[in-house]
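This report refers to the structure that appears directly beneath it.
Numbering (my numbering), first residue to last: 1 to 426.
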């Protein structure tokens, strides 16, 4: 089988060499991305950008002179050596690269490499996967997708297959022996240069025959024209919905909300790369829960106590109204500082364990804290409540986050390949 790669190279770059380099330096690139993520915002991550790679890890295999072996040379003499002298073997030829002048033993040279958005995200999400990516059955809903289905003899000008049309025209001209333009021009020049009347008449007769045949066999005939043909094919739509639940009571600071927002954006980005259609639902709550838009969810001020059961009940109602669990892959991410009304604990636990988790592909609980807090500090009310749920059989994972640079490691930990559904890690 012969494969022809017709993809266009990026401007000023070789696509094949770029892909070969990324494969060879994959470990170094992944490490550089992880280091760069520590000091980058979520919006910067989505744009790709520069990374710094150590030169030491980019070395390619090569041949050098080894310290052993026998070699005979005949060299001209100089002021040091004369005829018959034996030159000692040079030092430092053990196969290692000689250090250049000015290089410091303790320094590590690096070079900059610019990644596109797609390359950055592919490498960043390479070792992650979604639990239960495929739903128990595909959605009944389908969308019509145009699929290439050969060629047709009619169609709009925009679908003209120039290559196929030209090829068919050439095949027809060769089969019908259409005279070449070069042959006709050569006969015309011969007629102009011919001085013999009898020969000139013969050449003119031949020219007339070639000209008539050229008119009978056109360069491109309407029978040669072909158009690219497309068929509208129904395709099942794999859909996912992401529920964002957040406590917006007075105890949630702007720092905590910012941590939650970064996690939500990462999860949404991840889902959009795994599902064709992703919808997002924002539910904020104090004592009461309400579905809001993104702007209100993150920035509208609110005050009051905390009742987590109101958010879980609102999520259950929205699922029943709009998202059939047999057709939608349901994911949920909840962010809270861990506070909850004592009287609401049993209600929230029953809702989560018996009504929400059975409908979800995955439920992630992120407990956010102040920047100077310790992630391994004592458990909160909500943490203890969720911890008591039978996590071994439920798609529930729990993590604590206090600082921005912990968001990416936690996200990677939650969705790493081979991850068990249920985990509780302080």
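Just so it is clear, CB atoms sit at the ideal spot from N, CA and C, and this is done for glycine as well.
Between the CA atoms of residue j and residue i - distance to the nearest angstrom
| i | j | result |
| --- | --- | --- |
| residue 118 | residue 26 | 15 Å |
| residue 324 | residue 224 | 52 Å |
| residue 168 | residue 212 | 22 Å |
| residue 139 | residue 321 | Low per-residue confidence applies at residue 139: pLDDT is 44, beneath 50, and the placement is therefore not dependable, though the value from the model is reported in the following sentence. So the two alpha carbons sit approximately 17 Å from each other. |
| residue 216 | residue 179 | 11 Å |
| residue 399 | residue 365 | 6 Å |
| residue 189 | residue 4 | 44 Å |
| residue 218 | residue 240 | 57 Å |
| residue 184 | residue 207 | 7 Å |
| residue 408 | residue 357 | 25 Å |
| residue 87 | residue 79 | 13 Å |
| residue 145 | residue 388 | 47 Å |
| residue 32 | residue 403 | 20 Å |
| residue 291 | residue 243 | 10 Å |
| residue 359 | residue 311 | 15 Å |
| residue 362 | residue 395 | 5 Å |
| residue 166 | residue 174 | 12 Å |
| residue 414 | residue 267 | 10 Å |
| residue 269 | residue 406 | 18 Å |
| residue 397 | residue 412 | 13 Å |
Residue closest to residue i, alpha-carbon to alpha-carbon, out of the options
| i | options | result |
| --- | --- | --- |
| residue 257 | 368, 353 and 196 | 368 |
| residue 156 | 201, 229, 178 and 194 | 229 |
| residue 153 | 214, 147 and 162 | 162 |
| residue 384 | 363, 280 and 340 | 340 |
| residue 451 | 335, 63 and 355 | Residue 451 lies beyond the range of the chain shown here (1 to 426); nothing can be said about it. |
| residue 308 | 295, 174 and 337 | 337 |
| residue 351 | 342, 315 and 221 | 315 |
| residue 245 | 72, 201, 200 and 294 | 294 |
| residue 234 | 279, 147 and 201 | 147 |
| residue 335 | 112, 21 and 264 | 264 |
| residue 28 | 62, 76, 2 and 112 | 112 |
| residue 221 | 363, 176 and 74 | 176 |
| residue 372 | 227, 255, 194 and 22 | 255 |
| residue 72 | 64, 84 and 62 | 84 |
| residue 262 | 401, 76 and 231 | 401 |
| residue 19 | 76, 70 and 114 | 114 |
| residue 370 | 17, 279, 259 and 386 | 259 |
| residue 192 | 21, 181 and 204 | 204 |
DSSP-derived helix/strand/coil call for residue i
| i | result |
| --- | --- |
| residue 81 | coil |
| residue 17 | helix |
| residue 364 | strand |
| residue 149 | strand |
| residue 112 | strand |
| residue 388 | coil |
| residue 247 | strand |
| residue 171 | helix |
| residue 312 | helix |
| residue 399 | strand |
| residue 75 | coil |
| residue 97 | Because residue 97 carries a pLDDT of 49, less than 50, the predicted location of this residue cannot be relied on, and the following value inherits that uncertainty. Looking at residue 97 - three-state DSSP - the assignment turns out to be coil, as it is neither helix nor strand. |
| residue 382 | helix |
| residue 265 | helix |
| residue 160 | strand |
Closer than 8 Å to chain D by CB, residue i
| i | result |
| --- | --- |
| residue 173 | In summary, chain D is missing from the structure at hand, where a single protein chain is found. |
* Okay, do the segment 343-357 and the segment 269-286 touch, 3+ Cβ pairs below 8 Å being the bar? -> no
* Examine the Cβ distances between the segment 287-305 and the segment 323-333 and report whether three or more of them are shorter than 8 Å. => no
* **Inside the segment 268-306 only - beta strand (DSSP E) runs reaching at least 3 residues** => 277-285 and 289-292
* **Segments assigned beta strand (DSSP E), at least 3 residues, entirely inside the segment 215-243** => 227-236
* To do: Specify whether the segment 276-288 and the segment 248-256 touch according to this definition: at least 3 beta carbon pairs, one from each stretch, less than 8 Å apart.
  => yes
* Asked: Along the chain, which unbroken stretches of the alpha helix (DSSP H) at least 4 residues long are found entirely within the segment 320-371?
  -> 345-351
* Any chance you could list the alpha helix (DSSP H) runs of at least 4 consecutive residues sitting entirely within the segment 181-210, in chain order? => 181-193
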